[in-house]
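To start, the structure under review is shown below, and the notes come after it.
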Amino acid sequence: MRARGLDTLDTLGATAALSLLLLVAVLASLALGDAYLTPGAVGRALLGRGDELARTVVWDIRLPRTLVGVAVGAGLAASGVAMQAFFRNALASPGLLGVSAGGALGAVAALALGGAAASLWTVPVAAIVGAFLATGAVLMLARRGASPEHLLLSGVALNAIFGAGTSFLLALSAGQFQVSGQILFWLMGGIENRTWEHVWVGLPAILVGCLLMLPLGRPMNLLSLGEPSAQSLGVDVKRLRWQLIALSTVLTALATAVGGVVGFVGLVVPHLLRLAFGPDHRRLLPLSMLGGASLVLLCDLPTRFLPGGLRLGVMTALVGGPFLLWLLRRNPC
Amino acid sequence: MLRAEGLTLGRRLREVSLHLEAGLMVAVVGPNGAGKSTLLQVLAGLLPAQGRIRWGDRDLARIPFLERGRTLAWVGQESHAEFAFPVREVVAQGRHAWGDDGQGVETALATLDLAELRDRPITQLSGGERRRVFLARALATGAPLQLWDEPTASLDVRHALEVLHLAKRLASQGSTLLVSLHDLRSALCFDRVLVLDRGGLVGFGPPEQVLTPELIHAVFGVRAHTAEALTLEL
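Protein chains in written order, with the numbering used here: chain A, 514 to 846; chain B, 1030 to 1263.
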């Protein structure tokens, strides 16, 4: 059983490496910004000691931002893994079924109606409502036993409908400079100015969703090699498909609600980790969660120093787009 | 013992009934679109059909998923693989319903001549090699009912003969096998032949009684001769 021992060692090593990466990203996210804090100052501030400015910066500004970043990254990456196993296609991503477009429309509607001024809860809650309406539509189709191809095409339709609504509202508010600015910023995704309200909306539910997905790794392996054969080997395929689609859409909905439209994390992270550590979903799921959280935090760092236009969604697309092109070159369809 | 009554699924399968004792190796033949794959999928519980299927004294549809995974194994025609699982891991999936105990995986790999390919990603194999991987996975389940859909279709002559020998050996050990085939000459070495045409059962019995020139002409539209011809053996 030498092979198995080596395998376990690989898994442990990979998990340790990615955990370390996430830890570094979290520390950097807490330390870097307009005011630089040393790691020691960050540690003291976290414990409620040190000078007041550092405590305010860490507790009120950077910790919520960091936690939201972790939730968004882990949620999107886990959702991407589930989508790719579900569709048996390594190019599937969380936005495919229209859930993030639905969330975007909800948030944009709230912003266009001036909801941002009313309460800090308004925009994330509106995004959740939009994303969950889209989720509901997807789940109703899935429940009726729609085939993956059918779901995919419905996703194209939902994306078009929600995108049209978003464009309409954006055009409508073109005269109001501040509102259209807010909308554009939101559509590009970002985790700056996040508050504890955002953390409470996103983090606990995303954590629960990720934990619920972890035990599905083994049956996902069987599913990803074909639905009928998975069923003949003893997997309740109908139930598993339902679980995957429900968890994946809910995670995407929550991530979109607190982070805006952040592209490519759900596509690139699982894909890259699959190339590095193999396709076994029992390993791929936890690694992708760690990797997704790290990627979002690391992509968020430059947005603090570089000109205003370089937002999180722009950064992840700038990293993800070229990567996807490289993948396509490597494995021509 | 497998007993199916009145299996009907639209126009694809019409009132097919059969009764097989354990330890029988059955060839399922018929022209394209006759319902061979449909019959195997219905028997595997993968397609809902009217009628009843009993395995021993139980209704197959009521056997829970995991237990069904220990009872029957199905190998389909599609052998596309998107993700690069190593061969050994794919074969080990056959033990899913047994709590992934790994039993019989090595034997299955060796039986289908896959020992050398065990660490290769399945995506890098040829169609025929992949077919053998999925057969090995079915073998690893240890299920007493084996349903193989055209297992020899993309295999070279040696591996095709080996698969037929494997089927024979499993049957002699008490398994029940239904194997769909296009090669009528291979069907001659089976215990029984089941002939389907346009979804209906048109012949069932020992091959020499069923595969008469008249039936072959009626079903396939070709003339059959029994002349001395090239024979291949392992």
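Glycine included, C-beta positions come from ideal geometry on N, C-alpha and C.
Just to confirm before moving on: does the CB-CB distance between L746 (chain A) and G1098 (chain B) stay below 7 Å? Here residue 746 (chain A) refers to the residue found at position 233 of the first sequence. Here residue 1098 (chain B) refers to the residue found at position 69 of the second sequence. The answer is yes: Cβ separation under 7 Å.
Beta-carbon neighbours of R1097 (chain B), restricted to chain A and to distances below 7 Å: The residue labelled residue 1097 (chain B) in the question sits at position 68 within the second sequence. Simply G747.
Counting along the chain, where does the beta strand (DSSP E) carrying G804 (chain A) start and finish? Reading the first sequence from its first residue, position 291 is the one you call residue 804 (chain A). No beta strand (DSSP E) contains G804 (chain A), which is instead part of the alpha helix (DSSP H) from 794–813.
Can you tell me whether I551 (chain A) is buried or exposed, with buried defined as 16 or more other CB within 10 angstroms of its CB? On the first sequence, residue 551 (chain A) is found 38 positions in, with the first residue counted as 1. The question names Ile, but residue 551 (chain A) in the sequence shown is Thr. Residue burial is scored here from C-beta neighbours: T551 (chain A) has fewer than 16 other C-beta atoms within 10 angstroms and is therefore classed as exposed.
Less than 7 Å between CB atoms is the rule here; does S592 (chain A) satisfy it with respect to chain B? What you label residue 592 (chain A) is simply residue 79 of the first sequence in a count that begins at 1. Closer than 7 Å to the CB of S592 (chain A) there is not a single CB belonging to chain B.
Compute the beta-carbon to beta-carbon distance between L1095 (chain B) and V1071 (chain B), rounded to the nearest angstrom, for a pair I have assumed lies under 8 Å. The residue you call residue 1095 (chain B) lines up with position 66 of the second sequence. The residue you call residue 1071 (chain B) lines up with position 42 of the second sequence. In fact, because the Cβ distance is near 20 Å, the residues do not count as touching under 8 Å.
With a threshold of 7 Å between beta-carbons, can L738 (chain A) be considered close to chain B, or not? Against the first sequence, residue 738 (chain A) aligns to sequence position 225. True, the Cβ-Cβ gap to chain B drops below 7 Å.
Could you tell me whether any Cβ in chain B is nearer than 7 Å to the Cβ of W577 (chain A)? In the first sequence, counting from the first residue as 1, residue 577 (chain A) sits at position 64. Here the sequence assigns Pro to residue 577 (chain A), which means Trp is not the residue at that position. P577 (chain A) does not count as touching chain B.
Is it true that the CB of M596 (chain A) sits closer than 7 Å to the CB of A603 (chain A)? Residue 603 (chain A) sits at position 90 when you count from the first residue of the first sequence. Residue 596 (chain A) sits at position 83 when you count from the first residue of the first sequence. No. Outside cutoff.
Assigned secondary structure, V638 (chain A) (DSSP; H/G/I helix, E/B strand, else coil): As a first step, residue 638 (chain A) must be located in the first sequence, where it is residue number 125. In this structure, V638 (chain A) counts as helix in the three-state DSSP scheme.
Measure from the alpha carbon of A1169 (chain B) to the alpha carbon of each residue in B:E1191, B:V1134, B:A1189, B:L1190, then state which is nearest. Numbered from its first residue, the second sequence carries residue 1169 (chain B) at position 140. When only C-alpha atoms are compared, the closest one is B:V1134.
Counting C-beta neighbours from all protein chains within 10 Å, is the total for E1158 (chain B) 16 or more, i.e. buried, or is it exposed? Along the second sequence, read from residue 1 onward, the residue named residue 1158 (chain B) stands at position 129. The residue in question, E1158 (chain B), is buried, as its Cβ has 16 or more Cβ neighbours within 10 Å.
Neighbouring residues, chain C, relative to T1170 (chain B) (Cβ below 8 Å): As a matter of chain content, chain C is missing from the structure shown, whose protein chains are A and B.
State yes or no: is the beta carbon of Q1122 (chain B) nearer than 7 Å to at least one beta carbon in chain A? On the second sequence, residue 1122 (chain B) is found 93 positions in, with the first residue counted as 1. With 7 Å as the cut-off, Q1122 (chain B) counts as an interface residue toward chain A.
Span separating the alpha-carbon of E1111 (chain B) from that of L738 (chain A): Taking the second sequence and counting its residues from 1, the one referred to as residue 1111 (chain B) is at position 82. Taking the first sequence and counting its residues from 1, the one referred to as residue 738 (chain A) is at position 225. Those two C-alpha atoms are separated by around 7 Å.
When DSSP builds the beta bridges, which residues end up paired with S1209 (chain B)? Mapped onto the second sequence, residue 1209 (chain B) falls at position 180. DSSP, once it has assigned bridges, lists B:V1057, B:D1178 as partnering S1209 (chain B).
Would you say the beta carbon of F599 (chain A) is closer than 6 Å to some non-hydrogen atom of the ligand MG? This structure does not include the ligand MG; it has no bound ligands of any sort.
Comparing the C-beta of R796 (chain A) with each C-beta of chain B, is any distance below 7 Å? As a working note, residue 796 (chain A) is residue 283 in the first sequence. No, no contact with chain B.
I need the DSSP call for E1044 (chain B), collapsed to helix, strand or coil. Sequence index remark: in the second sequence, residue 1044 (chain B) carries index 15 (1-based). Look at E1044 (chain B) here: in three-state DSSP terms it is strand.
Which residues in the same chain as L519 (chain A) place their Cβ atom closer than 7 Å to its Cβ, once the five residues preceding and following it in sequence are excluded? Translated into positions along the first sequence, residue 519 (chain A) becomes position 6. In this prediction, L519 (chain A) has a pLDDT of 49, which is less than 50 and means its spatial position is unreliable; what the coordinates show is noted afterwards. Correct list: empty, nothing qualifies.
is_contact[L682 (chain A), chain B] using C-beta, thresh 7 Å: Numbered from its first residue, the first sequence carries residue 682 (chain A) at position 169. Output row for L682 (chain A): interface = no.
With a threshold of 8 Å, are at least 3 pairs of Cβ atoms found where one atom belongs to the stretch 1195–1212 of chain B and the other to the stretch 1044–1054 of chain B? yes
Given that a residue counts as buried once 16 or more other Cβ atoms are within 10 Å of its Cβ, and exposed if not, what is D1148 (chain B)? Stepping through the second sequence from its first residue, residue 1148 (chain B) is reached at position 119. Exposed is the call here.
Below 9 Å on C-beta distance, what does P741 (chain A) contact in chain B? For the purposes of this step, residue 741 (chain A) is taken as residue 228 along the first sequence, with counting starting at 1. Result: Q1070, A1073, L1075, L1076, W1103, G1105, E1107.
Provide the residue(s) that pair with E1034 (chain B) in DSSP beta bridges, ordered along the chain. Working through the second sequence from its first residue, we reach residue 1034 (chain B) at position 5. Answer is B:R1081.
Partner residues on chain B for R601 (chain A), Cβ-Cβ distance less than 7 Å: If you number the first sequence from 1, residue 601 (chain A) lands on position 88. Residues of chain B passing the Cβ test: E1111.
T635 (chain A) versus A:V771, A:L785, A:T816, A:L811, residue with shortest Cα-Cα distance: Locating residue 635 (chain A) in the first sequence gives position 122, where the first residue counts as 1. The candidate whose alpha carbon is nearest that of T635 (chain A) is A:V771.
Local Cβ density within 10 Å of C846 (chain A), reported as buried at 16 or more and exposed below that: As a first step, residue 846 (chain A) is located in the first sequence; it is residue number 333 there, counting from the start. Because C846 (chain A) carries a pLDDT of 43, less than 50, the predicted location of this residue cannot be relied on, and the following value inherits that uncertainty. Burial call: exposed.
Hey, how far is the Cα of A516 (chain A) from the Cα of R824 (chain A)? What you label residue 516 (chain A) is simply residue 3 of the first sequence in a count that begins at 1. What you label residue 824 (chain A) is simply residue 311 of the first sequence in a count that begins at 1. Because A516 (chain A) carries a pLDDT of 42, less than 50, the predicted location of this residue cannot be relied on, and no value is offered for it.
With a threshold of 6 Å on Cβ separation, who are the neighbours of P732 (chain A) within its own chain once the five nearest residues in sequence on each side are excluded? Here residue 732 (chain A) corresponds to residue number 219 of the first sequence, with the count starting at 1. Contacts found: V748, L753.
Minimum C-alpha distance to L1259 (chain B) - residue among B:L1193, B:R1214, B:G1085: Numbered from its first residue, the second sequence carries residue 1259 (chain B) at position 230. Residue B:R1214 is the option with its Cα nearest to L1259 (chain B).
What three-state label does DSSP hand F1114 (chain B) in the structure shown? For the purposes of this step, residue 1114 (chain B) is taken as residue 85 along the second sequence, with counting starting at 1. Correct three-state label for F1114 (chain B): coil.
Start and end residues, alpha helix (DSSP H) containing V1251 (chain B): As a working mapping, residue 1251 (chain B) is identified with position 222 in the second sequence. That residue, V1251 (chain B), is in no alpha helix (DSSP H); it is neither H nor E in DSSP.
Under 8 Å from the C-beta of L735 (chain A): neighbouring residues of chain B: Within the first sequence, the letter at position 222 stands for residue 735 (chain A). Ordered by position in chain B, the residues that pass the 8 Å Cβ test against L735 (chain A) are Q1122, H1125.
Around the C-beta of V809 (chain A), are 16 or more other C-beta atoms found within 10 angstroms, so that it is buried, or is it exposed? Against the first sequence, residue 809 (chain A) aligns to sequence position 296. Under this definition V809 (chain A) is a buried residue.
Own chain partners of S686 (chain A) with C-beta closer than 6 Å, once the 5 adjacent residues on each side are dropped: The sequence position of residue 686 (chain A) within the first sequence is 173, counting from 1. Correct list, in chain order: A625, V692, S693.
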